[in-house]
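*Asks:* Sending over a structure as structure tokens; questions will come in a sec.
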Amino acid sequence: MKQGLTHVFSSGALSSVVLLGVVGVMWLGNMLSHAQLDKVEIREINIAISPPPPPPPKAQRVVQETEVPIQVEGDGFAIAMNELSVRPDIRITKPEMPTLSVTNQQWDIPDIELDAFGLTDLDSTPTLLTPVKVRFPKRLKKQGITRVVVKLDVMIDEAGDVKLLDIVENPHHELNNEIRRLVHASKFTSPHREDEVVKARFIWPVVIEA
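Residue numbering for the sequence shown follows the numbering used here, starting at 24 and increasing by one per position.
Next comes the structure, spelled out in structure tokens:
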């Protein structure tokens, strides 16, 4: 009985010792871990980013002024110049003049103005033998124009036939064709100068009415 109890107490004591040892080891480990954690220091490090380096300076073209010595009169050695007498031997040949053949130009000059006389040179003023018939343009009538005065440069030959040389004055060009027809159909008495039949040239005023 005593031996059994002794064995039980011995086993309990041994278990207690083992348990205390385990608890002590755990406590010691916990203390060591806390001690190591207390020694850890965390430091904040500020990292400064440096600005990029400035670009390299542009290569400047250096122009060096070089002094060029200019020799003026009196500096250095004098160069002796010999006077040269040159006799120019230049011969200028006279150019040949071209031969021009001048031909007499024959000008066809009408004899209208040469042998035609004015009204003041005639014995009397030629008289118109035909009536003045002109078809008046309707366009002028619509514009309220019923009377037009034109001036014609005409020449009358020895037979009294009329030739139109120029329309001196005509405010309405619509009448040009009618004026030419009128002159072609007109006839005057033969002009006379000193009782001889001649040609006459004068300005003929014509009144055209609608």
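For glycine and all other residues, C-beta sits at the position ideal for the given N, C-alpha and C.
The structure presented is a predicted model; accordingly, all values stated were derived computationally and were not measured.
Should residue 31 be labelled buried (16 or more other beta-carbon atoms within 10 Å of its own) or exposed?
*Replies:* Looking up residue 31 in the sequence shown gives position 8. Low local confidence applies: a pLDDT of 49 at residue 31 is under 50, so the model's placement there is unreliable, with the coordinate-based value given in what follows. With fewer than 16 Cβ atoms within 10 Å of its Cβ, residue 31 is classed as exposed.
*Asks:* Going by the DSSP bridge assignment, what does residue 210 pair with across the sheet?
*Replies:* The count along the sequence shown starts at 1 and reaches residue 210 at position 187. Residue 210 is bridged to 184.
*Asks:* The alpha helix (DSSP H) with residue 163 in it runs from where to where?
*Replies:* Residue mapping note: residue 163 aligns to position 140 of the sequence shown, counting from 1. Residue 163 -> alpha helix (DSSP H) spans 161-165.
*Asks:* Give every residue of the same chain whose Cβ lies closer than 6 Å to the Cβ of residue 133, excluding the five residues on either side of it in the sequence, and list them in chain order.
*Replies:* Within the sequence shown, numbered from 1, the residue matching residue 133 stands at position 110. Any reading at residue 133 must be qualified, since the residue scores a pLDDT of 46, below 50, and its modelled position is unreliable; no value is offered.
*Asks:* So, at 7 Å on beta carbons, what are the nonlocal neighbours of residue 212 in its own chain, with the 5 sequence-adjacent residues on each side left out?
*Replies:* Numbered from its first residue, the sequence shown carries residue 212 at position 189. The residues are 149, 150, 152, 183.
*Asks:* Could you check whether residue 191 and residue 175 sit closer than 8 Å to each other, using their CB atoms as the reference points?
*Replies:* As a position in the sequence shown, residue 175 is number 152, starting the count at 1. As a position in the sequence shown, residue 191 is number 168, starting the count at 1. It is a contact, given that the beta carbons lie within the stated cut-off.
*Asks:* For residue 125, which residues of its own chain have a beta-carbon under 6 Å away from its beta-carbon, when the five flanking residues on both sides are left out?
*Replies:* Looking up residue 125 in the sequence shown gives position 102. Because residue 125 carries a pLDDT of 47, less than 50, the predicted location of this residue cannot be relied on, and the following value inherits that uncertainty. Contacts found: none.
*Asks:* For residue 224, is the classification buried or exposed, using 16 other Cβ atoms within 10 angstroms of its Cβ as the cut-off for buried?
*Replies:* As a first step, residue 224 must be located in the sequence shown, where it is residue number 201. So residue 224 counts as buried.
*Asks:* Can you list, in chain order, the residues of its chain with a C-beta nearer than 7 Å to that of residue 172? Leave out the 5 residues immediately preceding and following it.
*Replies:* Counting from one through the sequence shown, the residue named residue 172 turns up at place 149. Contacts found: 228, 230.
*Asks:* What did DSSP end up calling residue 170 once you bin it into helix, strand or coil?
*Replies:* Working through the sequence shown from its first residue, we reach residue 170 at position 147. Strand at residue 170.
*Asks:* Just confirm the distance between the C-beta atoms of residue 222 and residue 139, as a whole number of angstroms; I'd bet it's less than 8 Å.
*Replies:* Indexing the sequence shown from 1 puts residue 222 at position 199. Indexing the sequence shown from 1 puts residue 139 at position 116. That pair is a contact at about 4 Å.
*Asks:* Please indicate yes or no: does the CB of residue 158 lie closer than 7 Å to some heavy atom of the ligand SAH?
*Replies:* The ligand SAH is not among the ligands present in this structure, which contains no ligands whatsoever.
*Asks:* So what does residue 227 bridge to, in DSSP terms?
*Replies:* One-based indexing of the sequence shown puts residue 227 at position 204. Paired residue(s): 175.
*Asks:* Just the C-alpha distance for residue 207 and residue 199, rounded to the nearest angstrom, thanks.
*Replies:* The residue given as residue 207 occupies position 184 in the sequence shown. The residue given as residue 199 occupies position 176 in the sequence shown. Answer to the nearest angstrom: the Cα atoms are 13 Å apart.
*Asks:* Using 8 Å for Cβ pairs, my map puts residue 218 next to residue 144. What's the rounded Cβ distance?
*Replies:* In the sequence shown, residue 218 corresponds to position 195, counting from 1. In the sequence shown, residue 144 corresponds to position 121, counting from 1. Contact doesn't hold; Cβ gap of about 13 Å is too wide.
*Asks:* So if DSSP puts residue 157 in a beta bridge, which residue, or which two residues, is it bridged to?
*Replies:* One-based indexing of the sequence shown puts residue 157 at position 134. Partner(s): none; residue 157 has no beta bridge.
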